[in-house]
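In the working numbering, the protein residues as written are -19 to 297. Ideal Cβ positions, reconstructed from N, Cα and C, are used throughout, including at glycine. Shown next, in structure tokens, is the structure this report addresses.
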């Protein structure tokens, strides 16, 4: 399905809203529709359509399918590795080291899957969606039509960003849900031991898993803002997606170079794995707060840059 065909719903909603707000002769109707301020219901309709369009695309479904497959592969690999009674992974407690606990409690597969997908797979998927947000519309020739509707550039940009943030949450929950199902099928469930060595109930473990998923989703808002900004710089969706993913890989590489340790705390990916501190008792909040603050800073800077660029951009497609 082409992007122009996907926009059929939006066009119908725009025409309905324009007609509902106009009075008088047919000639005055178009003038009234263009000059009126869109209602909150119109904005919600635009957001709903954007969400539906984004989540129905085959590319988006393929990305979610890949993300859902990662916990399956990890779980099966660990099950095979431990079939002879040996332990999986190594010791410790952060990031992929959660693997050592999976055989004792399948809930740890959720933490392991999020740690495995956060450095690349999750931000790559978000970068693809964010990079295509504006540039994809321009490439398909539908951006000018969307701006003819009484939305305005700012409202459209905010809708695109909100849609990307919603995808961040959906993608993270897909990984977590897939890992929870696979962990329950392949490994025992019950009380679990935190990194600090204390025991918590399975119910509290589930709540912490949900909180970790929300923190991981929030860790992606900086990438979403960066991708949206890149998307306003070009009319090629493929170029915007490739640039966003390329910047992501570059930052990840720079974050591993010891000589850049003074700059690394300012990279958006530096504190991503701090979600492991939610499995301590008591919880260590320092790096978690730094991570969320850094993501908010990136969202503010690149969101403002995207707004400045998009509101001044000459739309020709």
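Self-check item: Inter-stretch contact at 8 Å, needing at least 3 Cβ pairs: the segment 242 to 258 / the segment 189 to 207
Solution: Contact holds between the segment 242 to 258 and the segment 189 to 207, because three or more Cβ pairs, one in each stretch, are under 8 Å apart.
Quiz item: What span of residues does the alpha helix (DSSP H) with residue 256 cover, start to end?
Solution: For residue 256, no alpha helix (DSSP H) segment is defined, and its DSSP state is neither H nor E.
Quiz item: Apart from the five residues on each side of it in sequence, which residues of its chain come closer than 7 Å, Cβ to Cβ, to residue 285?
Solution: Sequence-distant Cβ neighbours of residue 285 in its own chain, meaning closer than 7 Å and more than five residues away, are 209.
Practice problem: Please go through the segment 186 to 256 and give each complete alpha helix (DSSP H) segment of 4 or more residues, from N-terminal end onward. | Solution: 201 to 211, 217 to 234
Self-check item: Nonlocal neighbours in the same chain, by C-beta distance under 7 Å from residue 319, ignoring five residues either side
Solution: Nothing can be reported for residue 319: it is not among the residues displayed for the chain, which extend from -19 to 297.
Quiz item: For residue 249, does the count of other Cβ atoms within 10 angstroms reach 16, so buried, or fall short, so exposed?
Solution: buried
Exercise. Indicate the three-state DSSP secondary structure (helix, strand or coil) for residue 173 in the structure shown.
Key: strand
Practice problem: Could you name the residues of the same chain whose beta carbon sits closer than 6 Å to that of residue 264, not counting the 5 residues immediately before and after it, in chain order? | Solution: 257
Practice problem: Would you identify the three-state DSSP class for residue 37, choosing helix, strand or coil? | Solution: coil
Quiz item: With a cut-off of 8 Å, do at least 3 Cβ pairs link the segment 36 to 49 to the segment 100 to 111?
Solution: yes
Practice problem: Tell me whether residue 275 is buried or exposed, calling it buried when 16 or more other Cβ atoms sit within 10 Å of its Cβ. | Solution: buried
Quiz prompt | Alpha-carbon to alpha-carbon, residue 154 and residue 181 | solution = Looking at the two C-alpha atoms, the distance is approximately 24 Å.
Practice problem: Using 10 angstroms around the beta-carbon of residue 299, count the other beta-carbons present and answer buried if the total reaches 16, otherwise exposed. | Solution: The structure shown does not extend to residue 299, since the chain is modelled only from -19 through 297, so no value can be given for it.
Quiz item: Using the C-alpha atoms, what's the distance from residue 124 back to residue 34?
Solution: About 19 Å.
Quiz item: Is the segment 230 to 244 in contact with the segment 152 to 166, if contact means three or more CB pairs nearer than 8 Å?
Solution: no
Exercise. Could you check which residue in 178, 97, 201 has the C-alpha nearest to that of residue 43?
Key: 97
Quiz item: Mind checking residue 56: buried by the 16 CB within 10 Å criterion, or exposed?
Solution: Residue 56 is exposed by the Cβ-count criterion.
Quiz prompt | Nonlocal neighbours in the same chain, by C-beta distance under 7 Å from residue 145, ignoring five residues either side | solution = So the qualifying residues of the chain are 201, 204.
Exercise. Please look up how many angstroms separate the CB atoms of residue 136 and residue 126, rounded, as I've assumed it's under 8 Å.
Key: 6 Å
Quiz item: By a C-beta neighbour count over all protein chains shown, 10 Å radius and 16 as the cutoff for buried, is residue 156 buried or exposed?
Solution: Buried, since its Cβ has 16 or more Cβ neighbours within 10 Å.
Quiz item: Which residue comes first and which comes last in the alpha helix (DSSP H) that contains residue 278?
Solution: 266 to 292
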